[in-house]
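Residue numbers for the sequence shown follow full-length UniProt numbering, beginning at 1 and rising by one. Worksheet for the structure shown next.
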Amino acid sequence: MWVKMRRDSLVRSGTMGVNLLPVRLPSLIRRSLPLYMLIQFTAGFEYAEHRFLGDQMNLKYQHPKSATDQTPDGKVVDVVASDLPLLKLSKGPDVLELTYGEISALAGDFYGTLNPISDAKSDEDARTRFLAAYNTLADNPADQPHDGQVLIKHLQDEVDQVEALHKEKKDPSTWYKDGTGLAGMNAIDKLIQGRHFPIYSELLKINWDHFGDNARAAYRAGHSAALQLATTGEKTVDRLVKAYSINAFADHFLQDLFSAGHLRTPRRLLHGGLKNVVDVCANKMHDEDCALGLSVSAPKGNPWQAYGDKRLLDKCNEENLLKCQAAIVESSREIYDAWDTRHAPEPAAYKAFDIVPTKASALSEQQTLAPLFKLGPSGEYKDLQRRLELKDRKVWKFKTNWWPVTTVAETYTSGLWKYPITM
Numbered sequence: 001m002w003v004k005m006r007r008d009s010l011v012r013s014g015t016m017g018v019n020l021l022p023v024r025l026p027s028l029i030r031r032s033l034p035l036y037m038l039i040q041f042t043a044g045f046e047y048a049e050h051r052f053l054g055d056q057m058n059l060k061y062q063h064p065k066s067a068t069d070q071t072p073d074g075k076v077v078d079v080v081a082s083d084l085p086l087l088k089l090s091k092g093p094d095v096l097e098l099t100y101g102e103i104s105a106l107a108g109d110f111y112g113t114l115n116p117i118s119d120a121k122s123d124e125d126a127r128t129r130f131l132a133a134y135n136t137l138a139d140n141p142a143d144q145p146h147d148g149q150v151l152i153k154h155l156q157d158e159v160d161q162v163e164a165l166h167k168e169k170k171d172p173s174t175w176y177k178d179g180t181g182l183a184g185m186n187a188i189d190k191l192i193q194g195r196h197f198p199i200y201s202e203l204l205k206i207n208w209d210h211f212g213d214n215a216r217a218a219y220r221a222g223h224s225a226a227l228q229l230a231t232t233g234e235k236t237v238d239r240l241v242k243a244y245s246i247n248a249f250a251d252h253f254l255q256d257l258f259s260a261g262h263l264r265t266p267r268r269l270l271h272g273g274l275k276n277v278v279d280v281c282a283n284k285m286h287d288e289d290c291a292l293g294l295s296v297s298a299p300k301g302n303p304w305q306a307y308g309d310k311r312l313l314d315k316c317n318e319e320n321l322l323k324c325q326a327a328i329v330e331s332s333r334e335i336y337d338a339w340d341t342r343h344a345p346e347p348a349a350y351k352a353f354d355i356v357p358t359k360a361s362a363l364s365e366q367q368t369l370a371p372l373f374k375l376g377p378s379g380e381y382k383d384l385q386r387r388l389e390l391k392d393r394k395v396w397k398f399k400t401n402w403w404p405v406t407t408v409a410e411t412y413t414s415g416l417w418k419y420p421i422t423m
């Protein structure tokens, strides 16, 4: 069921094997690809979807003994996440309180650094990178609470529209059909200009932390950091709350692992080129997989159909939604249990990964939808294969001699990526 989402206050160089881009574009291609077509990037589930996922669950909690004593009172209760502020950002009388869902929704897409978590060379480096990203939101007196306030106010319309459609038992993806596109990206960048860390569009350009194995690594780093905090120091309620807030940031990447467009898109490889044209290729594969869905399975259990961004709350995605909800409940429960018992599980035993779709299932050649791009034998860009026929989405035939710019041009001129995307 829908839970009310309240707001009480409000280049690489051209050294790759595959042709990247000629120095001068042919006139037809230049006309086919105006600037706005070459600067779009993929996010994860939409803001309202991430916020719903984090705020709809119950969190295990113990109240402090008093306002001045953070020792737990020993009475375990379940609290709806939307009713438990986890972060309080303030500057003088100006205060912004954030819930689990709000933190998850802002994580990564709107708050982060130019050092991707999954680029880390060690587990400790990954945690350091993760916490640096988290602290652009949580420990940033130079920008907060103003930065968070203007973002949430701007994004509230999306939340309201999605909530209304969901209550009317209509697919929320119908509201997203026109998208926010460049106007949305530019509007957000304008709202947050002057901040002391990367703006929205800069984070989107390097967002491979939200895809496949990289999303697993980003979640693992954040969940580990939250568990580490939960099991060290004194056992106090404010420590549990802080650990929950860190885990909420980490859960954004866990949630992305239930979005079809984030499971097999080779996002890290599809990056660069003039006007970021290769990134746009990633966006097209992402949008196609999200809209049409993939048959996936977890390490145990039967397969199910997963859709993606903008379709989280659509009727066709109901089973995938339930799986995703179960995973984030397991994630949050591990934080509480670690805080309560002072013992954290090893990364290999993180329960959420027992529910997440496997990489193998997403990459299976039994999928009805042939991938727009497919890794070759080396796993490198030079062997990256493109679907032979963009228009025939069911045919598993590929080629290695392809141009990003002509591929992007064809996706626009064909009309096949306009809403609704169909098989």
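Think of the CB as a built atom: it goes at the ideal place given N, C-alpha and C, for glycine as much as any other residue.
Length of the line joining the Cα atoms of residue i and residue j
i	j	result
residue 430	Pro85	Nothing about residue 430 can be reported from this structure: the residues present for the chain run from 1 to 423 only.
Asn317	Val329	18 Å
Arg30	Ser331	Note that Arg30 scores a pLDDT of 42, beneath 50, so its modelled location is shaky and nothing firm can be said.
Asp354	Pro93	45 Å
Gly212	Ser66	44 Å
Tyr134	Trp339	20 Å
Glu372	Leu390	It should be noted that the sequence gives Leu, not Glu, for residue 372. When rounded, the distance between both Cα atoms is 7 Å.
Leu191	His146	10 Å
Ser173	Glu288	14 Å
Asn283	Val77	43 Å
His50	Thr406	34 Å
Glu380	Ala306	27 Å
Gly272	Leu131	27 Å
Asp143	Leu89	10 Å
Asp55	Glu346	26 Å
Endpoints, beta strand (DSSP E) assigned at residue i
i	result
Val150	Not the beta strand (DSSP E): Val150 falls in the alpha helix (DSSP H), residues His146 to Lys167.
Trp304	Trp304 to Ala306
Leu204	First-last for Leu204: Tyr200 to Lys205, but that is the alpha helix (DSSP H), not the beta strand (DSSP E).
Met387	It is worth fixing the name first, because residue 387 is Arg in this sequence and not Met. Gln385 to Arg387 is the span of the beta strand (DSSP E), which, as asked, contains Arg387.
Residues of its chain near residue i, where Cβ-Cβ distance is below 6 Å and the 5 sequence neighbours each way are ignored
i	result
Pro64	Gln70 and Val237
Ala217	Ser118
Leu363	Arg264
Arg129	Asn115, Ile117 and Ala120
Ala260	Asp289, Cys290, Gly293, Leu294, Ala306, Tyr307 and Gly308
Those residues which DSSP pairs with residue i across a bridge
i	result
Val77	Tyr61
Leu89	Leu96
Lys399	Arg386
Lys374	Gln385
Ser295	Gln305
N- and C-terminal bounds of the alpha helix (DSSP H) containing residue i
i	result
Glu330	Glu318 to Thr341
Ser224	Gly212 to Thr231
Ser104	Tyr100 to Leu106
Leu131	Asp123 to Ala138
Val280	Val277 to Leu292
Gln255	Val237 to Asp256
Ser361	Lys359 to Leu363
Ser173	Ser173 to Tyr176
Gly54	Tyr47 to Asp55
Neighbourhood of residue i by C-beta distance below 7 Å, restricted to the same chain and skipping five residues each side
i	result
Lys374	Gln385 and Phe398
CB-CB length for residue i against residue j, believed under 8 Å
i	j	result
Ser104	His252	5 Å
Residues of its chain near residue i, where Cβ-Cβ distance is below 8 Å and the 5 sequence neighbours each way are ignored
i	result
Leu229	Arg239, Lys242, Ala243 and Ile246
Trp304	Ser295, Val296, Ser297, Glu319, Asn320 and Lys323
Met423	Leu292, Thr368, Leu369, Arg393 and Lys394
Pro377	Asp383
Proximity test, Cβ basis, 9 Å: residue i and chain D
i	result
Glu334	Structure shown: chain D not included; a single protein chain is present.
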